[in-house]
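Chains as they are written, first to last, in my numbering: chain A, -16 to 308; chain B, 735 to 1047.
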């Protein structure tokens, strides 16, 4: 068990190092950092002085080391377009993205699992076919199109919900939340449906296929032979055994949700990290791009690690194999 | 006698197609036939856009600002000259969709081809060479696989544009898109090809080829490659839908095809600005065209995967 955790930790560190190398290469070689920071009238001497101060004349491995250790301490450079530290910018946008992602994931799970169970148990019913058709459309429609559609129906036509922004937010010092006001909660509805719909269809299809698989196994037949109620069999035995792949996929999808928030945030002008990143791509603001890449990589690595550990806790077979290995 | 010689002749291509399992499963499902017909129609419409489009949306001289924001012909104020209405510059939406799907499909096909070529080559190399080459390629693939492709495409797009910042955006947008979408999709091909190569490389025909002293590249290209291509076709079909979605998304986000040569995603982005003022048709029709195209290609891809999978047959 301990060996397993250590091995996974080492792997995570290697992935992070590779990603920081990519981020460093972007940071250092795409566009000259000095050109971005000084005006046209700066003399060659001043530029050289600045290069010296920034450490751009050091050997590359040393520069990389500085980059990594600065990043580890939260110093991610200064944005070209805003002339402010990237860490501050991202920090002020982080709550918006995390709240949106959290609500979307919740939506995807709370809708996806029951729909998946229902379609697996009532395969021929009309409602199941409806769910499956919806899921096919959910997979085929690009996220931004779903967002536009929702805006058109609920904001423009029915005028029930706001189409952009976070509504009123409450500032809790370092965290600004939209959970505490009515307008903040209303503003969350459309973006989180847009963002969560794809994940919902994914979870639904996964739960459905896993559930159908498990229902065919011997221990379910045995449970039926023992005369257990349908409810006990379906939820106590079958659903429990479908949860392992669901945990994995949901965990891995959490990272995808945060990344896909770029699109949703753009459609709804949601003031989160994704919008910041997209503006950085449009304006070639490399420090923000590099920092965003690092942050997403860190999130992915942490999520993967947690998923792996959860796996070990949920499935005793892996625990035994891990101990032997 | 003549009967016998007739029978001995190998069946022609079409006879083989109509006699195959795939054709059988194709004719069994109405949904799939509908999807195939829709896909074919869109492909043809895109291919022959200059011939069938009622207007040329790129010809500035033929645009009348007076006709801008005309609603579709069945709405009040509509004009039969513009069946699906016009946008803010007076461009005919129907023509713009035909030309737009041309660009969307071109980007889709080109990036799938690029991803496939890259992925197949690297997968062959990794599987056949093994050792360090294998582990380097596959570790890169592992790292890349943890990130969603849209994020990778965005990062590559941003980096490429800043490196070649001086180049004309209209000229380079297509290639930048193909490069960034293609580069974000290669992993799946590489993994599939690698695992089938691992199976193939120990078979007798490969050993024989090695024994007569053929160059490894030759063995990979003309002996192993034809035997690992099966699953690639399925991945490519499913990827085509994904590539079209990615292109549309990037264009919608404003980092894809510029609005002078709009793709479907660009058209939707333009139309999105007019949604609130009631001109719904500018975004709605390109959006519907995109959705139908992707849905049809997805259905075809799903069907092809099942039809080619011997376990499900």
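Virtual Cβ for every residue (Gly too), placed ideally from N, Cα, C. Remember, it's a predicted structure, so these values are computed and weren't measured experimentally.
Proximity winner among the options, relative to residue i (alpha-carbon distances)
i, options, result
"residue 701 of chain B", "B:914, B:926 and B:932", "An answer regarding residue 701 of chain B cannot be provided, because it is not within the stretch 735 to 1047 covered by chain B."
"residue 854 of chain B", "B:916, B:944 and B:1019", "B:916"
"residue 280 of chain A", "A:268, A:263 and A:235", "A:235"
"residue 44 of chain A", "A:68, A:8 and A:26", "A:8"
"residue 1008 of chain B", "A:134, A:-10, A:116 and A:0", "A:134"
"residue 781 of chain B", "B:1030, B:838 and B:958", "B:838"
"residue 969 of chain B", "B:940, B:986, B:936 and B:1040", "B:1040"
"residue 120 of chain A", "B:846, B:1032, B:1037 and B:983", "B:1032"
"residue 893 of chain B", "B:911, B:825 and B:1015", "B:911"
"residue 67 of chain A", "A:155, A:253, A:278 and A:271", "A:271"
"residue 881 of chain B", "A:46, A:239 and A:82", "A:239"
"residue 876 of chain B", "B:1034, B:858, B:919 and B:954", "B:919"
"residue 984 of chain B", "A:232, A:249, A:226 and A:237", "A:249"
"residue 784 of chain B", "B:869, B:831 and B:823", "B:831"
"residue 972 of chain B", "B:1034, B:991, B:924 and B:990", "B:1034"
"residue 883 of chain B", "B:1024, B:955, B:895 and B:845", "B:845"
"residue 183 of chain A", "A:118, A:197 and A:139", "A:118"
Within chain B, the residues that residue i reaches when beta carbons sit closer than 8 Å
i, result
"residue 279 of chain A", "881 and 885"
"residue 122 of chain A", "1032"
"residue 290 of chain A", "Those do not exist, as residue 290 of chain A stays about 12 Å from chain B at its closest Cβ, beyond 8 Å."
Listed by chain order, chain A residues near residue i by CB distance under 7 Å
i, result
"residue 1017 of chain B", "131"
"residue 1037 of chain B", "By Cβ distance, chain A contributes nothing, its closest Cβ being about 12 Å from residue 1037 of chain B, past 7 Å."
"residue 1062 of chain B", "Because chain B is modelled from 735 through 1047, residue 1062 of chain B falls outside the range shown and cannot be assessed."
"residue 986 of chain B", "127"
"residue 1014 of chain B", "135"
"residue 979 of chain B", "125"
"residue 1021 of chain B", "128 and 131"
Counterpart residues of residue i in DSSP-defined beta bridges
i, result
"residue 159 of chain A", "A:154"
"residue 965 of chain B", "Partner(s): none; residue 965 of chain B has no beta bridge."
"residue 1040 of chain B", "The partner list for residue 1040 of chain B (beta bridge, DSSP) is empty, contrary to what the question assumes."
"residue 820 of chain B", "B:826"
"residue 68 of chain A", "A:61"
Proximal chain B residues relative to residue i, where beta-carbon distance stays under 7 Å
i, result
"residue 68 of chain A", "Residues of chain B passing the Cβ test: none, with the nearest at roughly 20 Å."
"residue 276 of chain A", "889"
"residue 295 of chain A", "Those do not exist, as residue 295 of chain A stays about 20 Å from chain B at its closest Cβ, beyond 7 Å."
"residue 9 of chain A", "893"
"residue 1 of chain A", "877"
"residue -8 of chain A", "Under the 7 Å cutoff, chain B gives no residues; its nearest Cβ is about 16 Å from residue -8 of chain A."
"residue 317 of chain A", "Given a span of -16 to 308 for chain A in the structure shown, any question on residue 317 of chain A remains unanswerable."
Neighbouring residues, chain A, relative to residue i (Cβ below 9 Å)
i, result
"residue 982 of chain B", "125, 127 and 128"
"residue 907 of chain B", "Here the premise fails: no neighbours, minimum Cβ distance about 13 Å."
"residue 1025 of chain B", "120, 123, 124, 125 and 128"
"residue 953 of chain B", "Within 9 Å Cβ-Cβ: nothing; residue 953 of chain B doesn't reach chain A, min ~32 Å."
Within chain B, the residues that residue i reaches when beta carbons sit closer than 9 Å
i, result
"residue 134 of chain A", "1006, 1009 and 1010"
"residue 202 of chain A", "Those do not exist, as residue 202 of chain A stays about 24 Å from chain B at its closest Cβ, beyond 9 Å."
"residue 261 of chain A", "888, 987, 988 and 989"
"residue 283 of chain A", "880 and 881"
"residue 51 of chain A", "Near residue 51 of chain A there are no residues of chain B at all, since even the closest Cβ is about 16 Å away, more than 9 Å."
"residue 109 of chain A", "Here the premise fails: no neighbours, minimum Cβ distance about 17 Å."
Closer than 8 Å at the beta carbon, the chain A residues around residue i
i, result
"residue 1002 of chain B", "127, 128 and 131"
"residue 772 of chain B", "Correct list: empty, because the minimum Cβ distance to chain A is about 12 Å."
"residue 1028 of chain B", "123, 124 and 125"
"residue 997 of chain B", "Residues of chain A passing the Cβ test: none, with the nearest at roughly 12 Å."
Cβ-heavy atom distance, residue i to the ligand COA, below 7 Å
i, result
"residue 55 of chain A", "Among the components modelled here there is no ligand, and therefore nothing to report on the ligand COA."
Open item on the list: I'd like the ranges of any alpha helix (DSSP H) spanning at least 4 consecutive residues and lying wholly in the region 186 to 225 of chain A.
Closed with: 201 to 208
Task: Minimum length 4: unbroken alpha helix (DSSP H) runs contained in the region 875 to 959 of chain B - done: 883 to 897, 903 to 934, 938 to 945 and 950 to 953
Task: the region 225 to 254 of chain A: positions lying closer than 9 Å to chain B by Cβ - done: 235, 238, 239, 242, 243, 245, 246, 249 and 250
Task: Chain-ordered residues of the region 751 to 769 of chain B with a beta carbon less than 8 Å from chain A - done: none
Task: the region 912 to 940 of chain B: positions lying closer than 7 Å to chain A by Cβ - done: Correct list: empty, as no residue qualifies.
Task: Members of the region 79 to 107 of chain A near chain B, C-beta cut-off 9 Å - done: Taking 9 Å as the Cβ-Cβ cut-off against chain B, none of the residues of the region 79 to 107 of chain A qualify.
Open item on the list: Taking beta-carbon pairs under 7 Å, can you tell me which members of the region 173 to 202 of chain A lie near chain B?
Closed with: With the criterion set as a beta carbon lying under 7 Å from some beta carbon of chain B, the region 173 to 202 of chain A has no members that meet it.
Open item on the list: So if I threshold CB-CB distances at 7 Å, which residues from the region 149 to 164 of chain A count as touching chain B?
Closed with: none
Task: Entirely enclosed alpha helix (DSSP H) segments - the region 222 to 254 of chain A, minimum 4 residues - done: 223 to 251
- [ ] Jot down the residue ranges of each uninterrupted alpha helix (DSSP H) in the region 89 to 123 of chain A, minimum 4 residues, whole runs only, in chain order.
- [x] Listed in chain order, the complete alpha helix (DSSP H) runs (minimum 4 residues) inside the region 89 to 123 of chain A are 109 to 123.
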